[in-house]
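> Take this structure first; my questions come after.
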Amino acid sequence: PIGLVVGLAVGALLGGVVEHSHAHHHDGGATVTIAQTVTTTVREVVTQTAAQASLASALEEALRNGTYWDICVYCNMVIDNTKYAALAVLKGGYSVRTDDVGCVFRMALLPPERWRALQRYPAEDVKRLVQVEKVFVPDFNTGEYVEAQRAFYVIRQDMKTPMGDCVFAFRDREMAAKMNATVYTYDRMLQLYREVMQKTGMPRPRWCRGGMGGMHDHGHGHGSHGHHGHGHGSHGHHGHGHGSHGHHGHGHGSHGHGG
Numbered sequence: 070p071i072g073l074v075v076g077l078a079v080g081a082l083l084g085g086v087v088e089h090s091h092a093h094h095h096d097g098g099a100t101v102t103i104a105q106t107v108t109t110t111v112r113e114v115v116t117q118t119a120a121q122a123s124l125a126s127a128l129e130e131a132l133r134n135g136t137y138w139d140i141c142v143y144c145n146m147v148i149d150n151t152k153y154a155a156l157a158v159l160k161g162g163y164s165v166r167t168d169d170v171g172c173v174f175r176m177a178l179l180p181p182e183r184w185r186a187l188q189r190y191p192a193e194d195v196k197r198l199v200q201v202e203k204v205f206v207p208d209f210n211t212g213e214y215v216e217a218q219r220a221f222y223v224i225r226q227d228m229k230t231p232m233g234d235c236v237f238a239f240r241d242r243e244m245a246a247k248m249n250a251t252v253y254t255y256d257r258m259l260q261l262y263r264e265v266m267q268k269t270g271m272p273r274p275r276w277c278r279g280g281m282g283g284m285h286d287h288g289h290g291h292g293s294h295g296h297h298g299h300g301h302g303s304h305g306h307h308g309h310g311h312g313s314h315g316h317h318g319h320g321h322g323s324h325g326h327g328g
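Basically the working numbering = 1-based index in the sequence shown + 69.
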């Protein structure tokens with residue numbers, strides 16, 4: 070459609086300029102005037118049309134205006150507490166954030182067009198614009214961003230995180246071990262999420278004993294989430310509802326996630 074619009078515009082302009090040249094051919098400068106006028110006008114038309122096409126990409130506009138700096142690029146939740154917010158740098162130079170360290174692993178396992186926050190956009194736009202180059206996670210003690218693949222992770226089911234993962238990141242293994250003796254590398258943690266996804270269909274472990282702990286309950290309500298059915302499978306299997314699925318459905322005690 071863009072090419073067609075430009076073609077029509079250029080055709081109309083050429084027609085007008087050619088008529089003008091016939092009328093003033095005797096001045097000997099008509100040819101130069103035609104070339105300059107057409108080149109300038111075509112450039113303007115193409116630039117304007119390209120700008121309109123760019124504006125038509127809602128995703129690009131959202132990336133440009135920082136929408137996914139304040140809202141999780143994976144799950145679409147408002148980032149209320151930056152203490153848990155991971156940072157992803159995209160190939161185009163845009164920076165986006167997640168509201169939970171756990172979303173980093175969901176992002177790694179699912180293509181961007183399947184991320185909840187991005188499903189509203191055309192898949193072609195998502196594939197083109199959301200190509201993750203680097204991911205950083207916040208050190209739980211200092212808040213300093215650490216490259217996700219170099220960080221160390223622990224699970225503390227008695228604590229809370231926005232999406233109920235209860236996964237915490239650290240720069241140093243020793244500091245991580247102070248929170249929980251069982252420390253995971255990025256690859257091992259990714260494997261845990263992969264196992265959850267294989268069992269339940271989604272990488273939503275919900276290791277926190279209290280689920281999301283009210284941090285993001287608005288509009289979702291445990292059990293009504295759609296994802297919760299996928300959760301660890303624990304709540305579905307035990308059917309105890311709020312707060313109790315963590316007590317029974319760890320399915321994760323085997324991974325040494327206790328306090």
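Even for Gly, the Cβ is constructed at its ideal location relative to N, Cα and C.
1. Whole angstroms is fine: what's the gap from Ala127's alpha carbon to Lys247's?
2. Please state whether the Cβ-Cβ distance between Trp276 and Asp208 is less than 8 Å.
3. For a quick check, are the C-beta atoms of Lys196 and Glu182 less than 8 Å apart?
4. In this structure, how does DSSP classify Thr254 when only helix, strand and coil are distinguished?
5. Assuming Leu178 contacts Tyr214 (C-beta within less than 8 Å), just tell me the rounded distance between them.
6. Please classify Ala177: does DSSP put it in a helix, a strand, or coil?
7. Just tell me which of Gln200, Lys152 and Met258 has its CA closest to the CA of Val142.
8. If you draw a straight line from the C-alpha of Glu264 to the C-alpha of Arg273, how long is it?
9. For the beta strand (DSSP E) that contains Lys203, what are its first and last residues?
10. Candidates Glu243, Asn249, Asn210 and Ala220: which alpha carbon is nearest Gln226's?
11. For the alpha helix (DSSP H) that Glu243 lies in, which residues bound it at each end?
12. Going by the beta-carbon positions, is the gap between Ala186 and Val206 smaller than 8 Å?
13. In three-state DSSP terms, what is Arg225?
14. Going by the CB atoms, is the gap between Val165 and Tyr137 shorter than 8 Å?
15. By a C-beta neighbour count over all protein chains shown, 10 Å radius and 16 as the cutoff for buried, is Gly318 buried or exposed?
16. Which residue's Cα is closest to the Cα of Leu159: Leu198, Asp149, Val147 and Thr167?
17. If you run the structure through DSSP and keep just helix, strand and coil, what is Asp139?
18. Who does Leu159 pair with in a DSSP beta bridge?
19. With a 10 Å radius around its C-beta and 16 neighbouring C-beta atoms as the bar for buried, classify Val236 as buried or exposed.
20. According to DSSP, simplified to helix, strand and coil, what is Ile148?
21. Between Asn210 and the rest of its own chain, which residues show a CB-CB distance below 8 Å, the 5 nearest in sequence each way excluded?
22. Below 6 Å CB to CB, which residues in the same chain sit around Gly282 once its five sequence neighbours on both sides are set aside?
23. Assuming Val173 contacts Ala217 under a Cβ cut-off of 8 Å, what Cβ separation, rounded to an integer in Å, is found between them?
24. Relative to the C-alpha of Leu259, which residue among Pro180, Tyr222, Met146 and Arg242 is closest?
On the basis of the supplied data:
1. For the purposes of this step, residue 127 is taken as the residue at position 58 of the sequence shown. For the purposes of this step, residue 247 is taken as the residue at position 178 of the sequence shown. Roughly 44 Å between the two C-alpha positions.
2. Position 207 of the sequence shown, counted from the first residue, corresponds to residue 276. Position 139 of the sequence shown, counted from the first residue, corresponds to residue 208. Cβ distance not < 8 Å, so Trp276 and Asp208 don't count as in contact.
3. Translated into the one-based positions of the sequence shown, residue 196 becomes position 127. Translated into the one-based positions of the sequence shown, residue 182 becomes position 113. In this structure, Lys196 sits near Glu182, with a CB-CB distance shorter than 8 Å.
4. For this step, residue 254 is matched to residue 185 along the sequence shown. The answer is strand: DSSP assigns Thr254 an E or B state.
5. As a position in the sequence shown, residue 178 is number 109, starting the count at 1. As a position in the sequence shown, residue 214 is number 145, starting the count at 1. Wrong, their Cβ atoms sit about 21 Å apart, outside the cutoff.
6. Reading the sequence shown from its first residue, position 108 is the one you call residue 177. Helix.
7. Here the question's residue 142 lines up with position 73 in the sequence shown. Looking at the Cα atoms, Gln200 is the closest of the given residues.
8. Position 195 of the sequence shown, counted from the start, is the residue given in the question as residue 264. Position 204 of the sequence shown, counted from the start, is the residue given in the question as residue 273. Glu264 and Arg273 have their alpha carbons spaced roughly 10 Å apart.
9. Locating residue 203 in the sequence shown gives position 134, counting from the first residue. Its beta strand (DSSP E) spans residues Val201 to Pro207.
10. What you label residue 226 is simply residue 157 of the sequence shown in a count that begins at 1. The shortest C-alpha to C-alpha distance from Gln226 to any of Glu243, Asn249, Asn210 and Ala220 is the one to Asn249.
11. For the purposes of this step, residue 243 is taken as residue 174 along the sequence shown, with counting starting at 1. Arg242 to Met248 is the extent of the alpha helix (DSSP H) around Glu243.
12. As a working mapping, residue 186 is identified with position 117 in the sequence shown. As a working mapping, residue 206 is identified with position 137 in the sequence shown. Against a cut-off of 8 Å, the Cβ pair of Val206 and Ala186 comes out as no contact.
13. By 1-based counting over the sequence shown, the position of residue 225 is 156. Three-state result, Arg225: coil.
14. Position 68 of the sequence shown, counted from the start, is the residue given in the question as residue 137. Position 96 of the sequence shown, counted from the start, is the residue given in the question as residue 165. Yes, they are a contact pair.
15. Your numbering for residue 318 matches position 249 in the sequence shown. The pLDDT assigned to Gly318 is 36, lower than 50, so where the model puts this residue is not dependable; a value taken from the coordinates is nonetheless given after this. That one is buried.
16. In the sequence shown, residue 159 corresponds to position 90, counting from 1. Among Leu198, Asp149, Val147 and Thr167, the Cα nearest to that of Leu159 belongs to Leu198.
17. Position 70 of the sequence shown, counting from 1, holds the residue named residue 139. Asp139: helix per DSSP, three-state reduction.
18. Indexing the sequence shown from 1 puts residue 159 at position 90. Note: Leu159 sits in a beta bridge opposite Val201.
19. Along the sequence shown, read from residue 1 onward, the residue named residue 236 stands at position 167. Buried.
20. On the sequence shown, position 79 is the one that residue 148 refers to. Note: Ile148 maps to coil in three-state DSSP.
21. Taking the first residue of the sequence shown as 1, we reach residue 210 at position 141. Excluding residues within five positions, the ones whose Cβ falls inside 8 Å are Phe239 and Met244.
22. For this step, residue 282 is matched to residue 213 along the sequence shown. Note that Gly282 has pLDDT 46, beneath the 50 cutoff, so the model's placement of it is unreliable and no number is given.
23. Residue mapping note: residue 173 aligns to position 104 of the sequence shown, counting from 1. Residue mapping note: residue 217 aligns to position 148 of the sequence shown, counting from 1. Confirmed, about 6 Å.
24. On the sequence shown, position 190 is the one that residue 259 refers to. Looking at the Cα atoms, Tyr222 is the closest of the given residues.
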